[in-house]
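J.: Mapping of the sequence shown onto this note's numbering: position 154 corresponds to residue 146, and the numbering continues sequentially without gaps.
Heads up, the beta-carbon is just placed ideally off N, CA and C, and yes, glycines get one too.
Model, not experiment: these values are computed from the prediction.
Let me give you the structure first, and then I'll get to my questions.
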Amino acid sequence: MIECDVERLRRWLRPGVLEAEVYPARNTHGMLCLDAMENPYQLPESVRRKWVECLFEQELNRYPDSNTQALSVALRNFWQVPEALQLLPGNGSDELIQLVHLALGSPGGKVMAPEPGFGIYPITARAVGLEFIGVPLQAEDFALDVEALLQSIRRHEPAVVWLANPNNPTGHCYDPAAILRLARAVPGIIVVDEAYLPYSQQGLLEVCLEYEHLLVLRTLSKLGLAGLRIGALIGQPAWLQQFNKLRLPYNISTLNQVSATFMLAHAEHLNLQVQRVCAARETLYQQLSGLPQVRVWPSAANFFLLRVPDAKQLQQGLEQRNILIRNLHDSHPLLHQCIRVTVGTPAENQQLVAALQELLAQA
Ligand SMILES: *Cc1c(COP(=O)(O)O)cnc(C)c1O
C-alpha cells in the first residue's frame, strides 16, 4: 500500500466529503430484521410465479422506458393522484431527496428539517454543499415546535423544508394545521415525506392543489417493496418539471419498472399484509408498554421508538439473539437511550418481546 495523498484529496473533493461517512451496511444474514421498517411478509407463491413470468418477457438488451409511462400510471391509480398533479418517479425516494438538493443546491443555500428526523436529508444536502439546519422537536411528545420553526425559517430562509409525516424515528404524525402554517411561511418549497402512508393513512395530496410549493414524497418501500427502490415526488407541475430535467434518463431499471407495475396490479396482497402489520402493531404496543423501565411512544408507522435503561447494551444483547434493531442513542440529544424497533409478524414480535424481557431482567 502506498500512502494516501491527503493534500490532493483535500484539494479536489467537495468540502465535507472527506468528513462524510459511508452509509453503514447491514449484516442481515440469519437475522430477524427489525431495524429497517420492512414489511415482514413475502407475497404468495402464485403471485411471485406470475411476476417471474412477467419478467421473462422483458428485453434486457433495450434501455428502460425513460418516461416510466406504465409505472407512472400505476402509481397514479394506486395513490389516486388528482389529475392536476404531476408525479415524478425515482429510484427510491432517497434518490428524489438527492435530486431536490441537487436542483436547489447553491452556495450558502440551506435546508431545514425538524430533528430528530430522517438521516438522508442532511446527508444528501451536505453532499451538494447545502447547509443543514435541524430544528428540535418538542421534548416529551415530539410535536412540531412551530414557533421555533417559524423563527428559523425567517432567519435562515431555507430552500427546502422537509417534514416526514409520520416522522422517522419518532413515529408521530404532525398536526395538519401546523404543517399548513409552515407551508405558508416557507420562502422556498416544503416537502411532506409520506413514506409511512400505508400505516398512517394520513395523506396530504389535496393540499398540493392549493400550494404550488408544497410537494408530497411517497415510496413503495414501506408498503412491502423495499427491494424495488421505487418512490415518487408529487405536486403541481411547476417544480416537478424543473426537477425532472436533472433526473438521469434511465434511473429506474426495466426490471424495477415492470415489477412495480405488476405488484401494484396485485396490490390487494400488499394491502392485506399492511393490515396484518397494523393489527400486530397494537398488540406489540401493549406488550412493549408493559415492559419494566421502558418508555414507548405511540406510533402511526410500522415501528416504535423506545427509551430503555441502556440502549447499547440492549442492542448488543438482541444482536446476540439474532435480532437486529436500531440504537439511536448518540444520534440526537432528544434520543437519549432510545432504540427503534420495526413491527414484524406476530411471531417475530413475540420473539422480540421475550428477548427484551430477558435482557431487562438481567440488567
Ligand atoms: C424509509 C424512509 C424513506 C424511504 O426511502 P426509499 O428510498 O423510498 O426506500 C423515505 N423517508 C423516510 C422518512 C423514511 O423513513
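What does the alpha-carbon distance come out to for the pair Leu264 and Tyr191?
T.: Looking up residue 264 in the sequence shown gives position 272. Looking up residue 191 in the sequence shown gives position 199. So the two alpha carbons sit approximately 12 Å from each other.
J.: Within 10 angstroms of the Cβ of Met29, are there 16 or more other Cβ atoms? Answer buried if so, exposed if not.
T.: For the purposes of this step, residue 29 is taken as the residue at position 37 of the sequence shown. Answer is buried; the Cβ neighbour count reaches 16.
J.: Please report the distance separating the alpha-carbon of Gly82 from that of Ala355.
T.: Within the sequence shown, the letter at position 90 stands for residue 82. Within the sequence shown, the letter at position 363 stands for residue 355. If I take the Cα positions, the gap works out to 45 Å.
J.: Alpha carbon to alpha carbon, what distance is there between Asp185 and Arg210?
T.: Start at 1 with the first residue of the sequence shown, and residue 210 comes out as number 218. Start at 1 with the first residue of the sequence shown, and residue 185 comes out as number 193. Distance between the alpha carbons of Arg210 and Asp185: 6 Å.
J.: Considering only heavy atoms of ligand 1, does any lie closer than 7 Å to the CB of Asn319?
T.: Along the sequence shown, read from residue 1 onward, the residue named residue 319 stands at position 327. No, ligand 1 has no heavy atom inside 7 Å of this Cβ.
J.: Okay, do the segment 24 to 43 and the segment 211 to 220 touch, 3+ Cβ pairs below 8 Å being the bar?
T.: yes
J.: Can you look up Trp289 in the DSSP assignment and give me helix, strand or coil?
T.: For the purposes of this step, residue 289 is taken as the residue at position 297 of the sequence shown. Of the three classes helix, strand and coil, the one that applies to Trp289 here is coil, per DSSP.
J.: So what does Asn319 bridge to, in DSSP terms?
T.: For this step, residue 319 is matched to residue 327 along the sequence shown. BP columns for Asn319 point to Ile331.
J.: Taking its Cβ as the centre, do 16 or more other Cβ atoms sit within 10 Å of Thr253, making it buried, or is it exposed?
T.: Here residue 253 refers to the residue found at position 261 of the sequence shown. Buried is the call here.
J.: Residue range of the alpha helix (DSSP H) that Pro229 falls in?
T.: In the sequence shown, counting from the first residue as 1, residue 229 sits at position 237. Pro229 to Leu238 is the extent of the alpha helix (DSSP H) around Pro229.
J.: Can you tell me which residues form a DSSP beta bridge with Ala224?
T.: The residue labelled residue 224 in the question sits at position 232 within the sequence shown. Residue pairing of Ala224 in beta bridges, as defined by DSSP: Pro81 and Arg210.
J.: Who are the Cβ neighbours of Asn69 in its own chain at under 8 Å, not counting the five residues just before and after it?
T.: For the purposes of this step, residue 69 is taken as the residue at position 77 of the sequence shown. Around Asn69: Leu256.
J.: What residues sit near ligand 1, counting only those whose C-beta is closer than 5 Å to one of its heavy atoms, in chain order?
T.: Gly84, Ser85, Asp86, Phe110, Ala156, Asn160, Asp185, Ala187, Thr211, Ser213 and Gly223
J.: Determine the closest residue to Gly223 out of Val345, Val178, Ile89 and Glu51, with distance taken between C-alpha atoms.
T.: Counting from one through the sequence shown, the residue named residue 223 turns up at place 231. That would be Ile89, whose Cα lies nearest to the Cα of Gly223.
J.: At what residue ranges does the segment 116 to 191 contain a whole run of the alpha helix (DSSP H), taking only runs of 4 or more?
T.: 138 to 148 and 168 to 177
J.: Within 8 Å, do at least three Cβ pairs link the segment 101 to 118 to the segment 145 to 158?
T.: Segments in contact, yes.
J.: Report the residue ranges of all alpha helix (DSSP H) runs contained in full by the segment 14 to 68; include only those spanning at least 4 residues, in chain order.
T.: 37 to 48
J.: What does a CB cutoff of less than 8 Å around Leu196 pick up in its chain, not counting 5 residues either side in sequence?
T.: Within the sequence shown, numbered from 1, the residue matching residue 196 stands at position 204. Once the five neighbours on either side are set aside, the close Cβ partners of Leu196 are Asn157, Pro168, Ile171, Val184, Glu186, Leu206 and Val208.
J.: Determine whether the beta carbon atoms of Pro161 and Leu316 lie at a separation below 8 Å.
T.: Position 169 of the sequence shown, counted from the start, is the residue given in the question as residue 161. Position 324 of the sequence shown, counted from the start, is the residue given in the question as residue 316. Contact: no.
J.: Give me the Cα-Cα distance between Val199 and Gln193, rounded to the nearest whole angstrom.
T.: Taking the first residue of the sequence shown as 1, we reach residue 199 at position 207. Taking the first residue of the sequence shown as 1, we reach residue 193 at position 201. Using only the alpha carbons, I get a separation of about 15 Å.
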